[in-house]
Ligand code: ADP
Ligand code: MG
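Residue numbers (this note's numbering): 2 to 334.
Here it is as structure tokens:
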């Protein structure tokens, strides 16, 4: 069991358990593509403080993150530059965001860990996630990426680029949709898994499968091809948490908890909930498709694969959630 005295933080020898923290893309950069690098640094600095306090409490930490707003920005940059520079495909943009966000996390988290007197090497890995070419998502793309277009633009892009475009009634515009296939395997995970018995968690904080991992299709053993797709980072987080034998999967987003009756007069924020109950709410459609839904699904699949608990909350509430005081805490029945 964990043992911790405030004065001996640096010498914490017994792990309180391993935690995989999944940072929402929106927790790193406001959506809409705005925001300077300086603002992103400032935002990450606050989150890094929270993550470092987990480490000083004795937890082994693994970090993953989303990339929605960042991919949106790169898509727009490509679009604006396309008369001079060729567009890059989605898998490459995914890899670019792993580098960019991984670097940001390395910078800020390393500093926060030093300040908390629990120095670690923060190691960001370019990660690939295997998907099946037979995944239904490839014939039914449904994940919106990039900006909104007018109907005329949408028609042109459909013809010229072969994009799938859908109308978003709520915002009154058209968007490109790409496939969001299920993650099957995190390629680089095997290496970290093999190293688990060496106790790297006491020295290294890995940052892995950003944006759900770069989607690749395995043509033959060891031969991978990038796919024009995106992977839901919460689904991959469940896979990673299981692969690395994490005890807790903590999903950080921009709301303090999951709710039922979300934004309705009878809204109720969920605290401790058992998996079976959460499953009922999920089937009832209580959680937004493509937002809260995948988090709850990921939580359920992690618990069913042997995980101990799942936390859904925002960065300021994480420490209290870990102590069972706030946030949504999902447990197996
Ligand atoms: P992230 O980048 O963290 O993955 P998402 O936008 O995908 O963020 O998911 C978080 C959002 O889910 C919240 O901002 C909220 O608007 C939305 N949401 C949908 N349904 C619910 C619900 N039942 N309870 C809480 N939040 C919900
Ligand atoms: Mg999301």
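All residues carry an ideal CB built from backbone N, CA and C; glycine is no exception.
Comparing the CB of residue i with every heavy atom of the ligand ADP, is any distance shorter than 7 Å?
i: residue 92; result: no
i: residue 260; result: yes
i: residue 179; result: no
i: residue 314; result: no
i: residue 225; result: no
i: residue 273; result: no
i: residue 263; result: yes
i: residue 255; result: yes
Report the rounded CA-to-CA distance for residue i versus residue j, giving the unit in angstroms.
i: residue 285; j: residue 165; result: 29 Å
i: residue 125; j: residue 64; result: 9 Å
i: residue 257; j: residue 271; result: 10 Å
i: residue 291; j: residue 175; result: 17 Å
i: residue 230; j: residue 87; result: 19 Å
i: residue 83; j: residue 314; result: 39 Å
i: residue 266; j: residue 289; result: 17 Å
i: residue 321; j: residue 207; result: 23 Å
i: residue 310; j: residue 127; result: 27 Å
i: residue 227; j: residue 178; result: 17 Å
i: residue 332; j: residue 21; result: 16 Å
i: residue 205; j: residue 211; result: 17 Å
i: residue 253; j: residue 51; result: 11 Å
i: residue 141; j: residue 71; result: 24 Å
i: residue 67; j: residue 319; result: 17 Å
i: residue 268; j: residue 328; result: 15 Å
Beta carbon of residue i: closer than 7 Å to some heavy atom of the ligand MG?
i: residue 292; result: yes
i: residue 67; result: yes
i: residue 95; result: no
i: residue 213; result: no
i: residue 25; result: yes
Figure out for me which residue from the options has the closest Cα to the Cα of residue i.
i: residue 77; options: 89, 135, 297; result: 89
i: residue 69; options: 91, 50, 51; result: 91
i: residue 275; options: 304, 317, 269; result: 304
i: residue 172; options: 161, 160, 307, 148; result: 148
i: residue 106; options: 170, 23, 132, 129; result: 23
i: residue 29; options: 19, 48, 17; result: 48
i: residue 307; options: 111, 108, 242, 251; result: 242
i: residue 216; options: 134, 43, 168, 191; result: 134
i: residue 255; options: 94, 26, 146; result: 26
Residue i by DSSP, collapsed to three states: which one?
i: residue 201; result: helix
i: residue 251; result: strand
i: residue 315; result: coil
i: residue 225; result: strand
i: residue 195; result: helix
i: residue 232; result: coil
i: residue 144; result: strand
i: residue 111; result: helix
i: residue 77; result: helix
i: residue 265; result: coil
i: residue 134; result: coil
i: residue 309; result: coil
i: residue 165; result: strand
i: residue 336; result: Residue numbering for the chain in the displayed model covers 2 to 334; residue 336 lies beyond these limits and cannot be assessed.
i: residue 17; result: coil
i: residue 46; result: helix
i: residue 40; result: helix
i: residue 289; result: coil
Pairs of beta-carbons, one from the region 137-155 and one from the region 184-197, closer than 8 Å: are there three or more?
no
Do the region 291-307 and the region 266-283 meet, that is, are 3 or more Cβ pairs less than 8 Å apart?
yes
Segment contact, 8 Å Cβ cut-off, at least three pairs: the region 93-101 with the region 49-60
no
Would the region 115-125 count as touching the region 231-238 if we require 3 or more Cβ pairs under 8 Å?
no
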